[in-house]
Every structure is written in structure tokens, then in C-alpha cells.
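*Asks:*
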Amino acid sequence: MATVSDAPKASFRLSMLIYDTRYRSITIQIVVLMLFMAGAAWLVDNTVRNLAALGKDFSFAFLWNRAGYDINQMLVEYSNDSTHGRAMFIGLLNTLLVAFMSCVAATVLGVIIGVLRLSPNWIIGRLTTVYVEMFRNIPILLWILVAYAIFTEVLPAPNAFRGDNPTASMILFDSVALTNRYTAIPDPLFYRSLGNIDVGLFLISLDLLAIIAVITGSVLVNRKLLAHATAVQNATGVRPVTWWKSILILIVPLVVLLVALGFHAERPVLRGFNFTGGLDVSNSLMALWLGLTLYTAAFIAEIVRAGISAVSHGQTEAAFALGLRPNRTMSLVILPQALRVIVPPLISQYLNITKNSSLAIAVGYMDLRGTLGGITLNQTGRELEAVLLMMLIYLAISLLISAAMNVYNNSVKLKER
Amino acid sequence: MKNTVFLGTLAAAGLAAGLVSAATLDDVKARGELNCGVNTGLVGFAAPDANGNWSGFDVAICKAVAAAVLGDASKVKYVPTTGQTRFTALASGEVDILSRNTTWTFSRDADLKFTFIGVNYYDGQGFMVNKALGVSSAKELDGATVCIQTGTTTELNLADFFKTNNMTYTPVTIETNAEGEQQFLAGACDAYTTDASGLAATRAAFANPDDYVILPEIVSKEPLGPLVRHGDDQWADITRWAMNALIAAEEYGVTSANIEELSKGTENPEINRLLGSGEDNLGAMIGLEKDWAKKAIIGAGGNYGEIFAATIGESTPIGLARGLNAQWTQGGLLYSPPFR
Chain A
1 MATVSDAPKA
11 SFRLSMLIYD
21 TRYRSITIQI
31 VVLMLFMAGA
41 AWLVDNTVRN
51 LAALGKDFSF
61 AFLWNRAGYD
71 INQMLVEYSN
81 DSTHGRAMFI
91 GLLNTLLVAF
101 MSCVAATVLG
111 VIIGVLRLSP
121 NWIIGRLTTV
131 YVEMFRNIPI
141 LLWILVAYAI
151 FTEVLPAPNA
161 FRGDNPTASM
171 ILFDSVALTN
181 RYTAIPDPLF
191 YRSLGNIDVG
201 LFLISLDLLA
211 IIAVITGSVL
221 VNRKLLAHAT
231 AVQNATGVRP
241 VTWWKSILIL
251 IVPLVVLLVA
261 LGFHAERPVL
271 RGFNFTGGLD
281 VSNSLMALWL
291 GLTLYTAAFI
301 AEIVRAGISA
311 VSHGQTEAAF
321 ALGLRPNRTM
331 SLVILPQALR
341 VIVPPLISQY
351 LNITKNSSLA
361 IAVGYMDLRG
371 TLGGITLNQT
381 GRELEAVLLM
391 MLIYLAISLL
401 ISAAMNVYNN
411 SVKLKER
Chain B
1 MKNTVFLGTL
11 AAAGLAAGLV
21 SAATLDDVKA
31 RGELNCGVNT
41 GLVGFAAPDA
51 NGNWSGFDVA
61 ICKAVAAAVL
71 GDASKVKYVP
81 TTGQTRFTAL
91 ASGEVDILSR
101 NTTWTFSRDA
111 DLKFTFIGVN
121 YYDGQGFMVN
131 KALGVSSAKE
141 LDGATVCIQT
151 GTTTELNLAD
161 FFKTNNMTYT
171 PVTIETNAEG
181 EQQFLAGACD
191 AYTTDASGLA
201 ATRAAFANPD
211 DYVILPEIVS
221 KEPLGPLVRH
231 GDDQWADITR
241 WAMNALIAAE
251 EYGVTSANIE
261 ELSKGTENPE
271 INRLLGSGED
281 NLGAMIGLEK
291 DWAKKAIIGA
301 GGNYGEIFAA
311 TIGESTPIGL
321 ARGLNAQWTQ
331 GGLLYSPPFR
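The listed protein sequences correspond, in order, to chains A and B. For the first sequence, position 243 matches number 243 in the UniProt record's numbering, and the numbering has no gaps at all. For the second sequence, position 305 matches number 305 in the UniProt record's numbering, and the numbering has no gaps at all.
Put into C-alpha cells, the structure is as follows:
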């Protein structure tokens with residue numbers, strides 16, 4: 001007799017939350033979550049109570065108060081009458097400037113060093129190894145300080161350029177002065193400037209916009225020309241000569257525009273205590289840029305080397321067998337495949353550069369940490385607000401960089417079907 | 001640096017639960033040690049010697065308070081603070097008293113929630129330049145590069161001074177006095193600005209002090225004094241009167257040489273009250289022993305005048321004149337309320 005009956009239904013008991021494997025993991029997760037939330041709540045509660053006990057409120061109103069202090073490097077308009085919020089914005093721009101400059105320079109330098117490290121040439125290989133080991137094994141703060149100390153102690157003071165027999169002289173046809181405070185370079189100016197447009201937070205130079213537009217247009221036209229050349233080559237097997245056309249397309253419109261705007265460069269001249277008339281690139285920026293670049297380039301070099309090593313040697317041999325020269329093998333065969341391995345860790349390096357730029361305080365470069373987290377924090381006494389705001393801003397910058405790099409990563413990664 | 005501020009903030013925000021409620025006096029007694037916030041190193045005011053022993057004009061206040069409260073001037077833990085970290089250190093309870101040439105201002109008193117217990121040095125902001133520049137007045141500094149310590153009132157005064165006189169300048173922000181010295185000596189800035197007393201102390205430490213000149217303009221009022229946290233009036237009283245005891249001692253002629261003799265009793269009832277040799281027990285009113293002020297004066301190394309002469313006075317390399325910091329009877333501003 002075949003009677004199929006249901007298995008006896010076990011009634012649910014509380015102990016099953018621990019002893020029954022079906023529920024155990026969920027139980028543990030819920031307990032951990034509750035502990036975590038309790039911990040967070042304790043921290044917040046403690047903060048609120050202590051702020052109350054100290055008689056302090058939690059407010060960001062200070063951002064709209066007059067700052068009262070000056071900043072030595074600003075990309076957009078700022079004076080001591082501006083608000084603390086504006087000072088924070090100046091600091092943010094300075095952070096972004098040095099981070100961007102360092103990312104670009106570190107990538108270029110890192111790729112070169114990384115490729116050279118694989119060189120069969122014994123001396124080049126060893127030299128680059130020394131570079132990598134030296135720079136990545138010494139704290140970045142020291143590199144920044146060393147660069148700053150060199151700038152400060154070795155270069156002459158502006159005073160040395162004075163008089164009939166100056167002990168220091170300007171370089172590059174008397175247009176650039178290297179001093180122990182800044183590098184004075186010629187300031188690009190326009191006789192017939194198009195003016196500026198106000199976008200609320202800052203002014204944008206129409207001249208700059210026009211130049212960017214012309215360059216973009218030239219590049220697009222040039223790309224079309226090259227595409228056409230490739231099409232002709234594919235059809236006929238003969239590539240038309242394009243180099244002089246490319247040069248014409250890229251250069252002539254820009255030159256015409258600059259002439260039309262009345263472009264000229266104003267040289268820095270020593271007047272009073274300092275050079276005036278030119279643009280001053282402060283040594284703190286240069287030192288920070290150099291430190292960040294040299295240090296991070298060592299890491300990027302290792303990433304690049306690892307990426308290249310990850311491409312099977314058979315690819316190189318196949319490329320050689322096809323008759324490609326070593327240079328073209330590297331640029332056409334190896335690097336594109338290596339990028340897949342290189343880009344993800346490269347993102348972390350860019351994030352590191354951005355965060356390490358907060359070491360700017362060591363050389364008095366007024367970045368976000370120097371304005372919002374430094375002077376503003378001190379003058380207003382709003383530690384909690386300033387530090388929280390600073391953390392939020394760094395988080396936002398980092399997430400933005402991550403997002404942008406992930407988009408790029410998706411475009412170079414292996415397309416699997 | 002970043003960590004210090006951050007940790008300090010966390011500590012201020014999150015962990016100070018017990019500190020604000022309990023009385024600082026009890027904490028210090030229980031600990032057997034006074035935590036005193038001082039400068040990271042300013043010769044004459046607060047600087048450690050080769051053996052790590054701190055001495056100086058600001059350090060004397062720490063010693064006086066420690067001697068009054070604990071009976072031993074050596075029971076002080078000196079916490080070096082920069083212009084940036086000092087307020088966080090005090091607010092978070094890391095130090096019990098901050099004695100670090102700090103300017104008494106309205107907003108620090110009211111908004112930062114600190115209590116200034118008095119003024120131990122009346123100062124003003126000045127400028128120091130290299131003699132070779134040929135500058136004789138601060139009003140000739142148009143276009144100059146100026147080194148300045150960040151997180152100080154001097155930062156704001158500097159902006160105001162140049163604005164009032166329609167001049168421009170480039171600030172070079174530095175973190176500590178030592179860094180400022182280095183930048184200034186390397187010629188990375190034309191002028192170095194801070195409180196005139198600080199300039200004198202800094203110049204005294206130079207290899208060739210005579211090559212540098214402190215300009216005559218004093219561009220601000222900088223009443224420097226020790227400070228404690230809001231909310232513990234007993235502790236504020238103790239520290240305030242420990243400092244007043246030093247000032248009063250000079251006024252009444254109590255010195256480290258004659259204090260033992262005077263404390264046996266004198267004809268002057270004010271001295272008797274101060275040194276605890278009379279009937280009145282002032283110490284009990286602030287929770288200390290009867291001879292607390294005597295201990296404070298001995299612990300600090302003498303009365304205000306003696307401390308001044310030994311640390312920053314005209315016979316020291318710093319060579320500061322008493323000026324505003326003379327007793328009110330001598331035409332200065334020092335004036336201790338009566339011990340009664």
C-alpha cells in the first residue's frame with residue numbers, strides 16, 4: 001500500500017534561529033546589523049549631548065560669514081572680504097588643480113618608467129628599478145618637503161635679480177624668473193579681449209572658450225582627414241600623404257584666432273619686493289606637484305609593468321612574426337591589451353593622489369585642507385562642521401573620479417560575448 | 001597634523017562625556033599631574049632644554065598652577081600645541097589649561113567657549129625684516145611677501161592692516177615658528193609677522209640677530225593670556241588667582257628670596273592673606289590649602305617681575321623691556337585685584 005504522506009512539519013522553535021542552518025546566517029546578520037546601528041546611534045547621541053554640554057550648536061552658518069584672511073594662490077576672484085564658503089571654494093579649486101596636474105604627470109612618467117623597466121638594456125632597467133624602489137619606499141611627505149626645501153634654499157630670492165650686477169638672472173630670453181618664492185612666467189594677455197561671462201560662482205574668460213572651441217574643431221576636422229586617409233588606404237592600398245595637411249589644419253586656425261584677439265605675453269618685471277606683471281606659480285604648488293608626481297609615478301610604473309607582463313609573450317612573438325617593429329608592437333599590440341589590467345588599479349592611484357594632496361599644509365599650499373580645514377576651522381572654531389564638510393567633499397571628489405574612470409575602464413576592457 | 005586635528009575633533013565631539021561634567025580640580029588631583037598646553041617651542045616663552053625640561057614665561061604659569069594645586073611645580077605634563085591644534089586640545093580635555101601666548105578676543109571667549117583667566121603679557125603684532133632691505137616702516141611693505149603662522153589672530157590683523165593702508169601683500173602660511181624662521185632666513189619672505197614679543201624671541205635665536213630689525217609699527221592689540229574651558233568656574237578661579245598671586249607678589253615686594261621670611265607673618269595684612277600666614281584662609285575658598293599662593297610663587301620661580309627678568313627680560317638674549325607689562329604703580333597695565 002503506497003501511502004504518500006507529507007513529512008511531519010516541525011513546528012518553529014526559537015532555538016532554531018541558532019541551530020538551524022536555514023536561519024542561522026540571517027540571525028547572525030541581523031544581530032550584527034543591530035550592533036552596528038547601536039554603535040552608530042551611541043556615537044551620534046554622544047556627540048549631540050557633548051555639543052550641548054559645551055554649549056555649542058551644530059550649524060553651517062559660518063560659511064556665509066566674512067573670512068577676513070588672504071590666500072596666496074587663487075584661480076578665481078577672492079579677497080579677505082569674501083565669505084568662508086568662498087574660501088572653501090578657492091581651496092577646493094586648488095585641490096583639484098594640483099590633483100589634476102599630478103594625475104596627468106604621474107601617468108605620463110609612470111608609463112614611461114614602467115615600460116623602460118622592462119627594457120632589455122641593463123642600465124636603463126636597473127636605473128628605473130632604483131627609481132621605483134627609492135620613491136615608493138620613502139613617505140610622500142618627505143618628498144614634498146625635500147622638493148620644497150630645494151626650491152627655498154637653492155633658488156635665489158627676488159632681491160638677487162636687482163641692481164646692475166645681479167647675482168641671479170632670468171632665463172628663456174629674460175621671460176622666466178626662478179625664485180625661492182615662485183616661478184614668475186609671462187602672463188598671456190589679449191589686446192582685443194572678448195571679455196568674461198559670469199556664471200555665478202566665477203568668471204569664465206571668453207578668450208579661453210574661443211581657443212578651446214577652435215582647438216576642438218581643428219582636432220575633429222583632422223580626425224576626419226585621417227579617417228578619410230584610412231578609407232583610401234583600405235580601398236587602394238596606398239595611404240595618401242596627410243602630415244602637412246594635418247599641421248595646417250591644427251595650427252593655422254589657432255594662429256589666426258590668436259592674432260585676431262591680439263595675443264601677447266606680459267613679461268614679469270621686478271618691481272618693489274617682487275616680480276609683477278607676470279604669473280607667479282608658487283613654489284608650494286610646484287613642490288607638492290613634484291612630490292605627488294614622483295611618488296605616485298613609482299606606483300603607476302609598477303602597475304604598468306605588471307599589466308605588460310600579464311600580456312602573454314606569444315603576442316609579442318606573433319607581432320614580430322608579422323614584421324612589426326618593437327615600438328609599434330608595444331603601442332599597437334601590447335599596451336591596448338595591458339590597459340585592461342592597468343586601468344582598475346590606476347583608479348586607486350588617482351584617488352590616492354587626490355587624498356594625498358591634503359599634505360599641502362606642510363608647504364603652505366592653500367588647498368581645501370588649508371582653507372576650510374585649516375584657517376576657517378581655526379578662526380570659527382567649528383571643528384566638527386568643517387571636518388565633516390571636508391570629508392564629504394573629498395568623498396564626493398573621489399567618487400566622481402572613480403565613476404569617470406570606470407566609464408573609461410568599461411570602454412577598454414575585454415568585450416566578452 | 002591632519003590626524004591630530006581629526007582625532008582631536010573626534011575626541012572633542014565623542015569622548016569628552018566625563019570631562020565636561022567632572023570638576024577639573026578633582027581630575028588633576030586624581031591624576032597627580034597637570035596637563036598644560038604650551039607652544040611647540042618659542043625661546044623665552046616655552047621651550048624645552050637639552051634634557052627635555054621646559055622653561056619660559058608661559059611655562060611659569062603651568063608651574064604656578066601645579067604648585068598651588070598639587071604642591072609640586074614639577075608635576076606638569078607639557079603638551080606642545082601649534083596655533084592650529086591648541087583650541088581643540090583644550091576643548092577636548094587633552095589639556096587642563098592652555099598657556100601658549102594666546103590672544104584674548106571676543107569670539108574666542110564667547111564663541112569658542114573658553115575662559116581667559118587674565119593677561120600675562122600685553123603684546124601687539126609687529127613685523128621683522130632683513131636690514132638689507134632698507135625698510136624702516138611697515139607702511140613701506142607694499143607688495144611684500146609676508147610669512148605668517150596659520151590659525152592665529154595675526155592672520156586677520158595682517159589682512160586688515162594692509163587693507164587700511166591700501167597696500168597689497170602675498171601671504172606665505174606656515175605651521176610653526178620654526179618653519180617661519182627657516183622660510184624667513186632663506187629669504188622666501190620679505191617680512192615675518194607675529195606678536196612683537198615672539199619676533200624678539202625668534203630673532204634672539206638667529207645666528208646674526210643684528211642683521212634683522214623689528215619695525216616700529218605695532219598694528220594690533222594682543223593681550224596674551226592663559227585660558228581654560230567654559231563651565232568650570234572653580235578651576236577658572238584657581239588658575240586666575242594663581243596668576244594674580246604672581247603679579248600681586250611683585251607689587252607687595254614678595255620675592256623668592258624673602259618669601260620664607262615674609263610667610264612667618266608681617267605687618268602688612270594683605271601679604272599675610274596672600275601667603276596664608278594670617279587668620280584668613282583664602283585657600284579654602286577655592287578648594288586649596290592655606291599656603292597655596294606661597295607654593296605657587298615658589299614653584300613658578302618667583303614673582304611676576306622675577307619670572308619676566310629671568311625668561312624674557314632685558315638681561316636675556318630676548319631683551320624685552322617691561323613697557324606695558326610693568327606694574328600699575330610703575331606706569332604699566334599689570335593690576336591684580338586685591339586678595340581679600
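Backbone N, C-alpha and C define an ideal beta-carbon position, used for all residues, glycine too.
1) Measure the alpha-carbon distance for residue 304 (chain A) versus residue 142 (chain B) and round it to whole angstroms.
2) For the candidate residues B:270, B:236, B:193 and B:133, whose alpha-carbon lies nearest to that of residue 155 (chain B)?
3) Can you tell me where the beta strand (DSSP E) with residue 102 (chain B) in it begins and where it stops?
4) In the DSSP assignment, what residue or residues form a beta bridge with residue 212 (chain B)?
5) Quick one, which residues of the segment 50-69 of chain A are near chain B if we go by CB-CB under 8 Å, in chain order?
6) Show which residues of chain B have a CB atom less than 7 Å away from the CB atom of residue 153 (chain A).
7) According to DSSP, residue 187 (chain A) sits in a beta bridge with which residue or residues?
8) On the three-pair Cβ rule with 8 Å, is the segment 105-122 of chain A touching the segment 370-390 of chain A?
9) At the level of alpha carbons, what is the spacing between residue 164 (chain A) and residue 278 (chain A)?
10) DSSP has residue 80 (chain B) in a bridge; who is on the other side?
11) Please tell me whether residue 421 (chain A) and residue 387 (chain A) are closer than 8 Å, where the distance is taken between their beta carbons.
12) Please report the distance separating the alpha-carbon of residue 107 (chain B) from that of residue 377 (chain A).
13) If you follow the alpha helix (DSSP H) that residue 402 (chain A) is part of, which residue opens it and which one closes it?
14) With a threshold of 8 Å between beta-carbons, can residue 416 (chain A) be considered close to chain B, or not?
15) Are residue 60 (chain B) and residue 301 (chain B) close, meaning C-beta to C-beta below 8 Å?
16) Residue 190 (chain B) versus chain A: which residues are under 7 Å apart at the beta carbon?
17) So within the segment 279-364 of chain A, which uninterrupted alpha helix (DSSP H) runs reach at least 4 residues, ignoring any that extend past its ends?
18) How big is the Cα-Cα spacing for residue 334 (chain B) and residue 159 (chain A)?
19) Output needed for residue 21 (chain B): all residues of its chain with C-beta closer than 8 Å, excluding positions within five of it in sequence on either side, in chain order.
20) By the DSSP assignment, the beta strand (DSSP E) with residue 59 (chain A) in it spans what residues?
21) Let me see if you follow: with CB-CB separation under 8 Å, is residue 211 (chain B) close to chain A or not?
22) Taking Cβ positions only, does residue 410 (chain A) come closer than 8 Å to chain B?
23) Give the list of continuous beta strand (DSSP E) stretches no shorter than 3 residues that lie fully inside the segment 160-235 of chain B.
24) Run the proximity test for residue 177 (chain A): is its beta-carbon closer than 7 Å to any non-hydrogen atom belonging to the ligand FMN?
25) What does residue 304 (chain B) pair with, by DSSP beta-bridge criteria?
26) Put residue 252 (chain B) into one of helix, strand or coil per three-state DSSP.
27) Compare the Cα-Cα distances from residue 98 (chain A) to each of A:33, A:285, A:270 and A:396 and report the closest residue.
28) Could you tell me which whole beta strand (DSSP E) segments of length 3 or greater appear in the segment 178-246 of chain A?
29) From residue 311 (chain A) to residue 80 (chain A), what does the alpha carbon distance come to, in whole angstroms?
30) For residue 314 (chain B), would you say it is in contact with chain A, using Cβ-to-Cβ distances shorter than 8 Å as the test?
31) Determine whether the beta carbon atoms of residue 229 (chain A) and residue 240 (chain A) lie at a separation below 8 Å.
32) Throw me the rounded Cβ distance for the residue 256 (chain B) and residue 306 (chain B) pair, which I believe falls under 8 Å.
33) Note down, in chain order, all residues in the segment 62-92 of chain B with a beta-carbon under 8 Å from any beta-carbon belonging to chain A.
34) By the criterion of Cβ-Cβ separation under 8 Å, what are the contact partners of residue 227 (chain B) in chain A?
35) Could you give the distance in angstroms between the alpha-carbon of residue 346 (chain A) and the alpha-carbon of residue 86 (chain A)?
36) Are any of the Cβ atoms in chain B nearer than 8 Å to that of residue 267 (chain A)?
*Replies:* Walking through what the data contain:
1) Answer to the nearest angstrom: the Cα atoms are 51 Å apart.
2) B:193
3) 97-103
4) B:130, per the DSSP bridge assignment.
5) Within the segment 50-69 of chain A, those residues whose Cβ lies closer than 8 Å to any Cβ of chain B are, in chain order, 50, 51, 53, 54, 55, 56, 68 and 69.
6) 186
7) A:266, per the DSSP bridge assignment.
8) no
9) 22 Å
10) B:38.
11) This structure gives no information on residue 421 (chain A), because the portion of chain A shown stretches from 1 to 417.
12) 13 Å
13) 383-412
14) no
15) yes
16) 273
17) 283-310, 313-321 and 335-356
18) 43 Å
19) At residue 21 (chain B), the pLDDT of 48 sits below 50, so the modelled position is not reliable; the number obtained from the coordinates is stated separately. So the list is empty, once near-sequence residues are dropped.
20) It is not in any beta strand (DSSP E) - residue 59 (chain A) carries neither H nor E in the DSSP assignment.
21) no
22) no
23) 169-174, 191-195, 212-214 and 222-229
24) This structure lacks the ligand FMN, and indeed carries no ligand of any kind.
25) Residue 304 (chain B) is not bridged to any residue.
26) Looking at residue 252 (chain B) - three-state DSSP - the assignment turns out to be coil, as it is neither helix nor strand.
27) Closest by alpha carbon: A:285.
28) Inside the segment 178-246 of chain A, DSSP marks whole beta strand (DSSP E) runs of 3 or more residues at positions 182-185, 187-190, 196-198 and 203-205, from first to last along the chain.
29) 56 Å
30) no
31) yes
32) Their Cβ separation, rounded to whole angstroms, is 6 Å, which keeps residue 256 (chain B) and residue 306 (chain B) in contact under 8 Å.
33) 83, 84, 87, 88 and 91
34) Within chain A, no residue has its beta carbon less than 8 Å from that of residue 227 (chain B); the closest one is some 13 Å off.
35) 32 Å
36) no
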